[in-house]
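Be aware that the first sequence starts at 25, since it is given in my numbering, and climbs by one per residue.
Note that beta-carbon positions come from the ideal geometry of N, C-alpha and C, so glycine has one too.
The model shown is predicted, which means the values in this text are computed figures rather than measured ones.
What follows is a single structure, written as structure tokens, with notes after it.
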Amino acid sequence: MNIKELLEKSVKEAVTSIFQKDLPAVEFQPTRKDFEGDITVVVFPMLRVLKGNPAQIGTQLGEYLQEEVPEVANFNVVKGFLNLSIADSYYVDFFMSILDKTDYGFVDQETGDAVMVEYSSPNTNKPLHLGHVRNILLGYSVAQILKAAGKKVYKTQIINDRGIHICKSMLAWQRFGNGETPETTGLKGDKLVGNYYVKFNELYGAEVQDLVSGGMDKKRAEKEAPSLLEAQEMLRKWESGDTKVVALWRKMNAWVYAGFDTTYQNMGVDFDTLYHESDTYLLGKDVVEDGLQKGVFHRKEDGSVWIDLTDEGLDEKIVLRADGTAVYMTQDIGTAIQRVTDYPDIGGMVYTVGNEQDYHFKVLFLILKKLGFSWAENLYHLSYGMVDLPSGKMKSREGTVVDADDLMDEMTRTAETISKELGKLDEYTESEKQALYKIIGLGALKYYILKVDPKKRILFNPGESVDFQGNTGPFIQYTYARIESILRKAKDLVGFQNLQGFQNLVGLADLHPKEKELIKQIQLFPETLQWAAENYSPALIANYVYDLVKEFNSFYQQVTILGEPDEDRKRFRVRLCQKVGEVIRSGFGLLGIQVPERM
RNA sequence: GGCCUCAUAGUUCAAGGGAUAGAAUAGAAGUUUCCUAAACUUUAGAUCCAGGUUCGAGUCCUGGUGAGGCCA
């Protein structure tokens with residue numbers, strides 16, 4: 025039983041004993057730093073059950089707890105806040121109990137249904153950019169967090185590998201490509217295909233210009249430009265299974281996948297299973313039929329099928345066109361059902377998709393609920409804000425996108441520049457240094473993006489984003505490296521197994537305030553993880569780790585560790601360092617960020 | 001036009017209806033015979049506006065203002 029559970033039980037007993045009333049719940053919060061105490065009981069909510077003066081009730085409860093609960097060493101009351109000081113022995117006992125748990129904070133056994141987490145889901149006509157980076161980091165991190173909180177997780181992406189966009193690239197490659205391949209050009213496959221998408225748009229733009237100067241209306245010109253008609257014809261051929269078109273499509277998509285794989289690998293993310301739009305774009309139509317019979321949908325006179333969501337405050341939404349073709353919604357309904365068919369242990373799904381699709385997912389989830397699927401209750405749209413640049417919105421047409429590969433390279437180079445200025449790594453080999461620069465650069469990028477609440481938009485300034493000071497990834501990595509350094513110097517103490525000495529500590533002397541603060545912070549890790557999992561929020565983990573690091577730095581500065589003359593105390597502090605290091609590594613692991621042995 | 005999201009120190013971010021709204025950065029001042037000064041300590045500085053609910057509102061509700069998005 026942890027301290028909160030113990031105190032909750034005791035407070036309820038106190039209320040029963042003193043006031044002869046039942047208390048439904050007790051509200052706790054960590055005591056603010058500027059007050060005496062460790063845990064605070066908020067008395068105000070109790071006033072609904074107990075009548076009286078909050079301060080007086082607090083005092084009565086405090087007296088009872090100090091008397092009856094050995095862990096409560098002292099108390100004070102400020103207004104309606106009952107601040108409890110917890111005995112040092114409790115913290116030492118707690119610390120000993122987690123000392124040898126390597127996965128401290130993580131839930132070992134899987135509970136409940138599996139969750140499928142979708143993220144990335146790119147189109148295959150362009151390389152990944154900064155927007156994808158935020159998506160991928162969020163999705164991957166949430167998957168890690170859910171896993172650590174005891175969920176079985178399937179990571180997936182749906183690759184949008186078919187449609188007019190890829191036909192445009194194919195067309196441009198046919199016309200201008202001269203048989204170029206990633207091998208002959210040395211370009212990454214996704215970059216090569218992306219270049220032809222740009223080429224297509226140049227051609228198309230020129231054609232529209234020509235038509236307009238020839239006197240055609242602009243709207244009409246945009247619809248009738250020859251290259252566009254040709255691309256549309258290509259898409260029709262693809263849909264009818266034309267062997268030549270399909271072969272080209274396969275070839276170019278394969279290039280793109282190879283390129284994406286490289287990027288994913290550099291980012292340190294992966295997937296358990298993949299879906300391709302070319303396999304799923306026809307799904308969902310049979311469900312519409314089913315929904316019509318259930319009365320969830322209705323057919324209009326022109327033959328199109330709709331769902332009426334006005335009762336839920338939304339509007340009417342089309343699910344099948346008059347000509348019987350699917351819309352995105354149809355496809356998404358079908359794909360969701362397909363996933364549960366493929367992985368029957370799924371009890372919920374997380375969709376990592378930008379907030380411009382908030383409405384779409386609201387409707388999708390509602391439809392699935394109305395169709396009566398049990399798992400539809402556990403669908404979550406992990407919605408995130410745009411990533412803006414100082415120059416404004418990213419637009420591929422205007423060449424203002426920040427490419428994911430370029431970005432990672434730039435971050436790595438910045439890490440290199442700064443590290444060289446500090447000159448701490450002179451004794452390492454070039455390859456060791458390069459590996460480290462990458463860890464730091466990517467750590468900076470990932471932490472910068474993940475520490476911000478997903479739903480808020482980020483203003484990303486590529487130049488200024490790599491800050492190695494303050495609340496940043498490298499700052500935390502540096503702290504970790506310092507801890508590792510201490511542990512290397514105290515190897516013999518780390519392995520020390522006899523815990524008796526720690527117990528003696530309490531008898532010998534009180535915990536140093538910094539030791540106690542550090543243990544308190546470590547203690548918060550499991551519940552932070554739980555909270556992060558419930559809210560799909562990597563930012564909570566990021567901010568927790570930062571707070572722990574702050575606490576550690578303060579400890580490190582004010583307390584001697586290796587220079588401590590008392591052997592037991594020295595062992596205790598080294599093990600404290602070790603535990604902090606483990607928690608930092610765990611926390612950063614959840615964010616997909618590596619930590620360095622030294623830096 | 002209808003709907004959705006966001007608004008907190010100069011700047012970038014925190015704050016699970018709770019105490020005197022926390023950090024970082026930029027500014028000012030300090031700390032290295034000791035384990036990594038990429039650190040630490042001190043200092044100044046903020047809830048868009050107007051109502052409401054509550055013992056208590058940055059947080060919840062209503063109406064504005066501003067930014068962004070979605071749907072025709």
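* What residues are listed by DSSP as bridge partners for GLU142? -> Taking the first sequence and counting its residues from 1, one reaches residue 142 at position 118. GLU142 pairs with THR180 and TYR375.
* Look up ALA626 in the DSSP assignment and give the residues it is bridged to. => Here the chain has residues from 25 to 623 only, and residue 626 is not among them.
* Asked: Are the Cβ atoms of HIS474 and LEU161 separated by less than 7 Å?
  -> The count along the first sequence starts at 1 and reaches residue 474 at position 450. The count along the first sequence starts at 1 and reaches residue 161 at position 137. A small fix is needed here, since residue 474 is Leu in this sequence, not His. Contact: yes.
* Asked: Helix, strand or coil: which one does DSSP assign to VAL101?
  -> Working through the first sequence from its first residue, we reach residue 101 at position 77. Looking at VAL101 - three-state DSSP - the assignment turns out to be strand.
* Asked: Does DSSP classify VAL343 as helix, strand or coil?
  -> Within the first sequence, the letter at position 319 stands for residue 343. Reduced to three states, the DSSP call for VAL343 is strand.
* To do: In the DSSP assignment, find the beta strand (DSSP E) that holds VAL39 and state where it starts and stops.
  => Reading the first sequence from its first residue, position 15 is the one you call residue 39. Taken as a continuous stretch (DSSP letters only), VAL39 belongs to no beta strand (DSSP E), being part of the alpha helix (DSSP H) at 27-43.
* Comparing alpha-carbon positions, which option in GLU508, LEU469, VAL320 and VAL411 lies nearest LEU437? -> Along the first sequence, read from residue 1 onward, the residue named residue 437 stands at position 413. As written in the sequence, residue 437 is Arg, which differs from the Leu given in the question. When only C-alpha atoms are compared, the closest one is LEU469.
* Enumerate in chain order the residues of its own chain whose CB-to-CB distance from LYS480 is below 7 Å, with the five nearest sequence positions on each side excluded. => Taking the first sequence and counting its residues from 1, the one referred to as residue 480 is at position 456. So the list reads GLY409, once near-sequence residues are dropped.
* Asked: So who's on the other strand from ARG186, going by DSSP bridges?
  -> Reading the first sequence from its first residue, position 162 is the one you call residue 186. Looking at the DSSP assignment, ARG186 forms no beta bridge with any residue, so it has no partner.
* What are the boundary residues of the beta strand (DSSP E) that includes THR241? -> Here residue 241 is taken as the residue at index 217 of the first sequence, counted from 1. A small fix is needed here, since residue 241 is Asp in this sequence, not Thr. Counting along the chain, ASP241 falls outside any beta strand (DSSP E), and DSSP gives it neither H nor E.
* Entirely enclosed beta strand (DSSP E) segments - the region 258-299, minimum 3 residues -> none
* **Contact under 7 Å by Cβ, ALA271 with LYS192** => On the first sequence, position 247 is the one that residue 271 refers to. On the first sequence, position 168 is the one that residue 192 refers to. No, the Cβ-Cβ distance between ALA271 and LYS192 is not below 7 Å.
* Straight-line CA distance for VAL293 to PRO478? -> The residue given as residue 293 occupies position 269 in the first sequence. The residue given as residue 478 occupies position 454 in the first sequence. Cα-Cα distance, rounded: 18 Å.
* Within 10 angstroms of its Cβ, does GLY308 collect 16 or more other Cβ (buried), or is it exposed? -> Locating residue 308 in the first sequence gives position 284, counting from the first residue. So GLY308 ends up on the buried side.
* Contact under 7 Å by Cβ, ASN402 with GLY447 -> As a working mapping, residue 402 is identified with position 378 in the first sequence. As a working mapping, residue 447 is identified with position 423 in the first sequence. Taking 7 Å as the Cβ cut-off, ASN402 and GLY447 do not qualify as a contacting pair.
* Asked: If you compare alpha carbons, which of THR287, ILE617 and LEU252 is closest to ASP433?
  -> Counted from its first residue, the first sequence places residue 433 at position 409. Among THR287, ILE617 and LEU252, the Cα nearest to that of ASP433 belongs to THR287.
* **Straight-line gap, LEU30 to ARG512 (C-alpha atoms, nearest Å)** => Within the first sequence, numbered from 1, the residue matching residue 30 stands at position 6. Within the first sequence, numbered from 1, the residue matching residue 512 stands at position 488. C-alpha separation (whole angstroms): 38 Å.
* For ASN159, is the classification buried or exposed, using 16 other Cβ atoms within 10 angstroms of its Cβ as the cut-off for buried? -> Translated into positions along the first sequence, residue 159 becomes position 135. That one is buried.
* **Buried/exposed call for GLU336, threshold 16 Cβ in 10 Å** => The residue given as residue 336 occupies position 312 in the first sequence. Result: exposed.
* Based on the DSSP output, what are the partners of ILE370 in its beta bridges? -> On the first sequence, position 346 is the one that residue 370 refers to. According to DSSP, ILE370 bridges with ALA138.
* Could you tell me whether the Cβ atoms of MET435 and VAL351 are closer together than 7 Å? => The residue labelled residue 435 in the question sits at position 411 within the first sequence. The residue labelled residue 351 in the question sits at position 327 within the first sequence. In this structure, VAL351 does not lie closer than 7 Å to MET435 by Cβ.
* Asked: Where ILE464 and ILE183 are concerned, what is the direct C-alpha to C-alpha distance, given to the nearest angstrom?
  -> Counting from one through the first sequence, the residue named residue 464 turns up at place 440. Counting from one through the first sequence, the residue named residue 183 turns up at place 159. Distance between the alpha carbons of ILE464 and ILE183: 30 Å.
* **CB of SER121 within 7 Å of CB of GLY61, strictly** => Translated into the one-based positions of the first sequence, residue 121 becomes position 97. Translated into the one-based positions of the first sequence, residue 61 becomes position 37. No, Cβ-Cβ distance for SER121 and GLY61 is not below 7 Å.
* Asked: With distances taken from CA atoms, which of LEU431, LEU298, ASN277 and ALA138 is nearest PRO206?
  -> Counting from one through the first sequence, the residue named residue 206 turns up at place 182. Selected option, being the one with the closest Cα: ASN277.
* To do: Check whether the Cβ atoms of ALA49 and TYR88 sit closer than 7 Å, and answer yes or no.
  => In the first sequence, the residue the question calls residue 49 occupies position 25. In the first sequence, the residue the question calls residue 88 occupies position 64. No. Outside cutoff.
* In chain order, what residues of the same chain lie with their CB nearer than 8 Å to the CB of LEU395, ignoring the 5 residues before and after it? -> Position 371 of the first sequence, counted from the first residue, corresponds to residue 395. The answer, listed in chain order, is VAL311, ASP314, GLY315, LYS318, VAL320 and ILE357.
* Does the distance from the CB of GLY163 to the CB of THR297 come in under 7 Å? -> The residue given as residue 163 occupies position 139 in the first sequence. The residue given as residue 297 occupies position 273 in the first sequence. Their beta carbons are not under 7 Å apart, which means GLY163 does not touch THR297 by this criterion.
* What do you reckon, are the CB atoms on LEU572 and ILE169 nearer than 7 Å? -> Counting from 1 along the first sequence, the entry for residue 572 is found at position 548. Counting from 1 along the first sequence, the entry for residue 169 is found at position 145. No.
* Validate contact between the region 123-137 and the region 170-182 using beta carbons, cut 8 Å, 3 pairs -> yes
* Quick one: what's got a C-beta closer than 6 Å to GLN53's C-beta in the same chain, skipping five residues either side? -> As a working mapping, residue 53 is identified with position 29 in the first sequence. Only THR64 meet the Cβ criterion.
* To do: Can you tell me which of LYS45, GLY210 and ASN26 puts its alpha carbon nearest to the alpha carbon of LYS75?
  => As a working note, residue 75 is residue 51 in the first sequence. Ranking the options by Cα distance to LYS75, first place goes to LYS45.
* Beta-carbon separation (whole angstroms), ASN149 vs VAL232, contact threshold 8 Å -> Stepping through the first sequence from its first residue, residue 149 is reached at position 125. Stepping through the first sequence from its first residue, residue 232 is reached at position 208. Not a contact, Cβ separation roughly 19 Å.
* Report the residue from TYR281, PHE224 and ASP430 whose alpha carbon sits nearest the alpha carbon of LEU253. => Looking up residue 253 in the first sequence gives position 229. It is PHE224.
* Asked: Roughly how many angstroms lie between the CA atoms of TYR471 and MET240, to the nearest whole one?
  -> In the first sequence, residue 471 corresponds to position 447, counting from 1. In the first sequence, residue 240 corresponds to position 216, counting from 1. Distance between the alpha carbons of TYR471 and MET240 is about 52 Å.
* To do: Tell me whether the beta-carbon of GLN181 lies closer than 7 Å to the beta-carbon of SER237.
  => For the purposes of this step, residue 181 is taken as the residue at position 157 of the first sequence. For the purposes of this step, residue 237 is taken as the residue at position 213 of the first sequence. The answer is no: Cβ separation not under 7 Å.
* Bridge partners of TYR408, per DSSP? -> Taking the first sequence and counting its residues from 1, one reaches residue 408 at position 384. Looking at the DSSP assignment, TYR408 forms a beta bridge with GLY378.
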